[in-house]
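Chains as they are written, first to last, in the working numbering: chain D, 2 to 110; chain G, 48 to 428. Data block below; observations after.
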Amino acid sequence: MAINSGEKLAPIRKGLLEFVILKIVAAEKVYVADMLKLLSDTEFATQEGTLYPLLSKLRREQLVDYEWKESDAGPPRKYYKLTAQGRAQLAALNDYWKELNRTLAQLEK
Amino acid sequence: MQKVVSINLNGNAYQLEEPGYEALRAYLQRAESRLETNPDRAEIMADLEQAIAEKCGRYLGPNKTVVAAGEMATIIAEMGPVESPEAATQPGSPAGGTGAQQPERGKDGPKRLYQIREGAMVSGVCNGIAAFFDVDVTIVRLVFVILGFVTFGVWVLVYLVMAVVIPYADTPEDRAAAFGLRLKAQELLDQANWQRASARARREWRRTWKRQQKAWQQNWTEHWQRHWDRRWQRMTQTQAAMAATGAPMGGFGHILAGMTLPVFAIVNAALFVAWSLVMMSALMTGAIFGWPLPAGLPQWGSLAILCVIYLALTSPLRAARHGAHLAWGPYYHMWAALSSVFWLGFTALFLWLAYQHLPQVHALLDQLPSFWQKRRMSFTV
């Protein structure tokens, strides 16, 4: 954890957060609290204060959408899912990530 | 025992301890300002409120109906600072992570010059300056008195100008800013965040912070709290009611405020006119309408005493008028402007009445041009 909290790596994680969220939303319809829990033990641990604005931005870009679902405890919740556009974007990001990895591997040689 | 504030979070009512309420209000205000340019601001705010409401629910049960201040601090720390994603992509800003914003930590809040009513001797100017420069108020007062003597009374006028120009610290935010400290709620919140950060090197700093906070808290409680408790209570109740209903203050409050406004304006204007005439008389004739000034004192000394008497007489009035302002809540500026207009009108009216019906005043004001001429001559010669 020590190296993860290094200042140099913070911007990388921050930049990747959108990618990570798209990945999570792609897997299943999720609620924000579930996303946070899923991420809590990873390098990408984040908080509502960051996630809600980010999700609203993704929705504005029409990459994700949400639907209201009744919950047993309390008011209805927003469950997020990917749009077709979001899926395309995720695929592009996946490809780009692989390419980056290839480049990095080549540079090491 | 803690006072409890009822709030409405995205359609659900919750009861919070007052410091928790302040912390939450500070958090939401900050969030809202961060999202100022965000087109989805309203929606994000609703999302955040709902998330907070759900977290509150975690602390409540059949036998516990109030969210404690500490619990609210934990909730706010969990929520983390609100960042607009557009701004967040800028390099250098910290990633989600623990959500602790290190650069801001430990920095004092913005420091501004205010007048501080509590413990003031005259108007609160010295008190505010003492807070601003972080020195003992007695020293400031001594300096002021000495300056008063050295400048042959001109400093009294400077004081008067400051008393008029420098605003009063009337909200918790103002009072914190007067000391260059951040709002208590903000500290509570920061402290919670701080405790989450585990770096050992910062432990020492934390201890200092706590000590400082404790000292300040103590000071606060002793000096101001008693005085402000009642007014603050009234304010929070109004705010809580507003938050719950979403509607501004009811008609009754406005009627009451509207009724007090001319009364304050009339009394204030009458006192001001009387004082101005007395000052003029003392300055021009060396006596207050025939009543001689104390012989042992120089003229400026008598004038200074008159100023002090006037300020002492009007200070409860100003405080009361201000109390009415507070009750006006969101329409404060409108009412304040209106009451100034009233004051100006009544001042003119009283001056005119005095000029018409009091022969002494008539004579005094008629002398004014020639007096002024003489003065100017003596200056130019």
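In this text, a Cβ means the ideal position worked out from N, Cα and C, and glycines have one as well. These figures come from a predicted structure and were not determined experimentally.
- For residue 54(G), the uninterrupted beta strand (DSSP E) segment begins and ends at 51–56.
- Residue 350(G) and residue 224(G) have their C-alpha atoms roughly 34 angstroms apart.
- Taking CB atoms only, residue 114(G) has no neighbour in chain D less than 7 angstroms away.
- Contacts with chain D (Cβ-Cβ distance below 8 angstroms) from the stretch 54–80 of chain G involve 57, 58, 59, 78, listed in chain order.
- Along the stretch 43–54 of chain D, going in chain order, the ones with a CB nearer than 9 angstroms to a CB of chain G are 44, 45, 46, 47, 48, 49, 50, 51, 52, 53, 54.
- For the pair residue 121(G) and residue 42(D), the Cα-to-Cα distance works out to about 19 angstroms.
- By the Cβ rule, the stretch 350–362 of chain G counts as touching the stretch 310–319 of chain G, because three or more pairs are nearer than 8 angstroms.
- Considering only beta carbons, the part of the stretch 100–129 of chain G lying closer than 8 angstroms to chain D consists of 100, 101, 104, 125, 126, 127, 128, 129, in chain order.
- Counting every other CB atom within 10 Å of its CB across the protein chains shown gives residue 78(G) a total of 16 or more, marking it as buried.
- When 9 angstroms is used as the limit between beta carbons, residue 83(G) is near no residue of chain D, the shortest such separation being about 12 angstroms.
- Residue state for residue 108(G) is assigned as strand, using DSSP reduced to three classes.
- Think of a sphere of 8 angstroms around the beta carbon of residue 98(G): the chain D residues whose beta carbon falls inside it are 33, 34, 49, 53, in chain order.
- By the Cβ criterion, the stretch 108–125 of chain G is not in contact with the stretch 68–88 of chain D, since fewer than three pairs of Cβ atoms, one from each stretch, lie closer than 8 angstroms.
- In the DSSP assignment, residue 82(D) falls within the unbroken beta strand (DSSP E) covering 78–83.
- DSSP places residue 162(G) in the strand class (E or B) of the three-state scheme.
- DSSP, read as helix, strand or coil, puts residue 345(G) in coil.
- Residue-level contact by beta carbon holds for residue 58(D) and chain G, with a gap shorter than 7 angstroms.
- For the pair of segments examined, the stretch 154–174 of chain G was found not to touch the stretch 317–337 of chain G: the number of CB pairs separated by less than 8 angstroms stays below three.
- Within the model, the alpha-carbon separation for residue 54(G) versus residue 390(G) is close to 38 angstroms.
- Interface flag for residue 396(G) against chain D is unset, since no Cβ pair is found closer than 7 angstroms.
- Setting aside the 5 residues that flank it on each side, residue 418(G) is surrounded in the same chain by 331, each with a C-beta closer than 7 angstroms to its C-beta; the list follows chain order.
- Residue-level contact by beta carbon holds for residue 94(G) and chain D, with a gap shorter than 7 angstroms.
- Annotated three-state conformation of residue 42(D) is coil, per DSSP.
- The DSSP-derived three-state label of residue 66(D) is strand.
- An exposed status is given to residue 214(G), since fewer than 16 other beta-carbon atoms sit within 10 Å of its beta-carbon.
- In this structure, the beta-carbon distance from residue 65(D) to residue 31(D) does not fall below 7 angstroms.
- For residue 10(D) against residue 45(D), the beta-carbon gap comes to about 11 angstroms, at or over 8 angstroms, which does not count as contact.
- In the DSSP assignment, the residues bridged to residue 334(G) are 339(G).
- Using a Cβ-Cβ cut-off of 7 angstroms, residue 387(G) does not count as an interface residue toward chain D, since no Cβ of chain D sits closer than that to its own.
- Apart from sequence neighbours up to five positions away, the residues of its chain that approach residue 106(G) with a beta-carbon distance below 7 angstroms are 114, 118, ordered along the chain.
- Per the coordinates, the alpha-carbon of residue 160(G) lies some 20 angstroms from the alpha-carbon of residue 192(G).
- Per DSSP, the unbroken alpha helix (DSSP H) holding residue 76(G) starts and ends at 65–81.
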